[in-house]
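Take a look at the structure:
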């Protein structure tokens, strides 16, 4: 009986110990689970805080980019307004002369469009269209090369009969007036800014710089700002220094409109080692600026297509892609992807599209010119007939010809 009591007591003690152990283990599991839950909650809160911070930074960056673009556009519009004021004054200056008549200014280039990389000083570029003076005609002689845009075009200056219009035009007819009588009249354009019968780019640039400097003296703003003109062979650069410390640079090239299209024969530089002073290559700068205005008019306020292009330009620094090539890629995609899909919420997808399109072009060694032979160009962009029907030139010819450059572009 005593043995049974001992075994019973031993069994009871073992049961109590096991029970206590289970309770301690359950409590430990509960505490462990509680700590794990708390740790998971803390990690989730930290992750949500990080994501929120990343979103805020991203939104802030996008807002900053948007503000920068808007500021550049506003500044570009202000400088365009100033250039147009100078053009109005210049028109009065040349009114009684036989020099070309500045008519209209177009702001072109990546700075105004808001995607140019800040390399050195900010330079705004404009194209000033020129009209022939009274008694003269501009005859555009397109070059002999088949590839567009034509690089070796010329502007032939011709005299036209003004007989019977002497009083209205306040001039004598250059064609049917004796040389003795014409001595009392200012010389024709052929005798001032031409080389032979062709308008000379370099002479025109020097003359235009002098006209703008004189026009600046008539602007009230000249009392608070200083305008320095720097003459280049084929263009003029105006350095505007206001009372504040920032300096603005305005590069002005000149052009003559081809019929009623958005294509001009211009004074822009070419890639050739030597460009004759009578060469006026075709430029698509005005048509391309008009295209981006067309996109902006149809896109939403949060459209980020220029921001995408700016980011790509940053990413691809050192890969030898020119700004014009990147711009061409974007223009092709803007006609292939609906404008409403270029908002900030599609930023990652659109960046992937741009880089993928560019890589495909590199692999195929071909990037078509956007405005030539492209049926997707909006109808409001007025192009010459030959631009509509011609085979587009390959902007990646240099990649196709140079294996090393092709390999570098791929990797």
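Numbering (mature numbering (1 follows the signal peptide of the UniProt record, and there is no 0)), first residue to last: -19 to -1, 1 to 392. Just so you know, even glycine gets a beta-carbon here, dropped at the ideal spot from N, CA and C. For clarity, every value in this text was computed on a predicted model and none was experimentally measured.
State the beta-bridge partners of residue 342 as determined by DSSP. In the chain shown, residue 342 corresponds to position 361, counting from 1. For residue 342, which the question treats as bridged, DSSP gives no partner whatsoever.
Helix, strand or coil for residue 235? Go by DSSP, reduced to three states. Counting from one through the chain shown, the residue named residue 235 turns up at place 254. Residue 235: strand per DSSP, three-state reduction.
In chain order, what residues of the same chain lie with their CB nearer than 6 Å to the CB of residue 283, ignoring the 5 residues before and after it? Here residue 283 corresponds to residue number 302 of the chain shown, with the count starting at 1. Within the same chain, residue 283 has close Cβ partners 324, 325.
Taking the C-alpha atoms as reference points, what is the distance between residue 193 and residue 345? On the chain shown, position 212 is the one that residue 193 refers to. On the chain shown, position 364 is the one that residue 345 refers to. If you take the alpha carbons of residue 193 and residue 345, they lie about 47 Å apart.
Residue 77 at chain D interface by Cβ criterion, 8 Å: The structure shown contains no chain D; it is built from a single protein chain.
Could you name the residues that DSSP lists as bridge partners for residue 136? As a first step, residue 136 must be located in the chain shown, where it is residue number 155. DSSP, once it has assigned bridges, lists 121 as partnering residue 136.
For residue 178 and residue 169, what's the separation of their Cα atoms in angstroms? Numbered from 1 along the chain shown, position 197 holds the residue referred to as residue 178. Numbered from 1 along the chain shown, position 188 holds the residue referred to as residue 169. Distance between the alpha carbons of residue 178 and residue 169: 11 Å.
Is the Cβ-Cβ distance between residue 348 and residue 321 less than 8 Å? As a first step, residue 348 must be located in the chain shown, where it is residue number 367. As a first step, residue 321 must be located in the chain shown, where it is residue number 340. In this structure, residue 321 does not lie closer than 8 Å to residue 348 by Cβ.
From residue 189 to residue 253, what distance separates their C-alpha atoms? In the chain shown, counting from the first residue as 1, residue 189 sits at position 208. In the chain shown, counting from the first residue as 1, residue 253 sits at position 272. The alpha-carbon atoms of residue 189 and residue 253 are separated by roughly 24 Å.
Nearest to residue 72 (by Cα), restricted to the options 59, 60, 110, 89: The residue given as residue 72 occupies position 91 in the chain shown. The candidate whose alpha carbon is nearest that of residue 72 is 110.
Would you identify the three-state DSSP class for residue 360, choosing helix, strand or coil? The sequence position of residue 360 within the chain shown is 379, counting from 1. The three-state secondary structure of residue 360, taken from DSSP, is coil.
Three Cβ pairs or more, each shorter than 8 Å: is that satisfied between the segment 157 to 176 and the segment 192 to 209? With the cut-off at 8 Å, the segment 157 to 176 and the segment 192 to 209 do not touch.
Among the residues of its own chain, which have a CB less than 6 Å from the CB of residue 106, if the five just before and after it don't count? Your numbering for residue 106 matches position 125 in the chain shown. Closer than 6 Å at the Cβ level, and outside the excluded window around residue 106, lie 89, 90, 232.
Please classify residue 112: does DSSP put it in a helix, a strand, or coil? Start at 1 with the first residue of the chain shown, and residue 112 comes out as number 131. Here DSSP, grouped into helix, strand and coil, assigns residue 112 to strand.
In its own chain, which residues sit with a C-beta less than 6 Å from the C-beta of residue 234, not counting the 5 before and 5 after it? Within the chain shown, numbered from 1, the residue matching residue 234 stands at position 253. So the qualifying residues of the chain are 108, 216, 247, 248, 249.
For residue 137 and residue 117, which I take to be in contact (beta-carbon distance under 8 Å), what is that distance rounded to the nearest angstrom? Position 156 of the chain shown, counted from the start, is the residue given in the question as residue 137. Position 136 of the chain shown, counted from the start, is the residue given in the question as residue 117. Actually they are not in contact, since the Cβ atoms of residue 137 and residue 117 sit about 11 Å apart, beyond 8 Å.
What three-state label does DSSP hand residue 2 in the structure shown? Within the chain shown, the letter at position 21 stands for residue 2. Its pLDDT being 45, under 50, residue 2 is placed unreliably by the model, and nothing is read from it.
Let me confirm a value: residue 44 is counted as buried when at least 16 other C-beta atoms fall within 10 Å, else exposed. Which label applies? For this step, residue 44 is matched to residue 63 along the chain shown. A caution first: residue 44 carries a pLDDT of 44, below 50, which makes its placement in the model unreliable, though a value can still be read off. With fewer than 16 other Cβ atoms within 10 Å, it is exposed.
So the candidates are 129, 157, 135; which of them puts its Cα closest to the Cα of residue 141? Counting from one through the chain shown, the residue named residue 141 turns up at place 160. Ranking 129, 157, 135 by Cα distance to residue 141 puts 157 first.
Stretch pair the segment 328 to 338 + the segment 349 to 357: three plus CB contacts closer than 8 Å: no
Less than 8 Å between the beta carbons of residue 113 and residue 81, yes or no? In the chain shown, the residue the question calls residue 113 occupies position 132. In the chain shown, the residue the question calls residue 81 occupies position 100. Yes, Cβ-Cβ distance for residue 113 and residue 81 is below 8 Å.
Using the beta-carbon count (16 or more within 10 Å), is residue 236 buried or exposed? On the chain shown, residue 236 is found 255 positions in, with the first residue counted as 1. Buried.
What would DSSP say about residue 328, mapped onto helix, strand or coil? Position 347 of the chain shown, counted from the first residue, corresponds to residue 328. Note: residue 328 maps to helix in three-state DSSP.
According to DSSP, what are the bridge partners of residue 209? Here residue 209 refers to the residue found at position 228 when the chain shown is read from its first residue. Residue 209 pairs with 220.
According to DSSP, is residue 62 helix, strand or coil? Against the chain shown, residue 62 aligns to sequence position 81. DSSP places residue 62 within a helical segment (H, G or I) once states are collapsed to three.
Report the rounded CA-to-CA distance for residue 70 versus residue 219, giving the unit in angstroms. Here the question's residue 70 lines up with position 89 in the chain shown. Here the question's residue 219 lines up with position 238 in the chain shown. Approximately 16 Å between the Cα atoms of the pair.
Across which residues does DSSP place residue 148 in a beta bridge pair? The residue labelled residue 148 in the question sits at position 167 within the chain shown. Note: residue 148 sits in no beta bridge, so no partner.
Which same chain residues, not among the five before or five after residue 187, have their C-beta less than 8 Å away from its C-beta? Your numbering for residue 187 matches position 206 in the chain shown. Here the set comprises 212.
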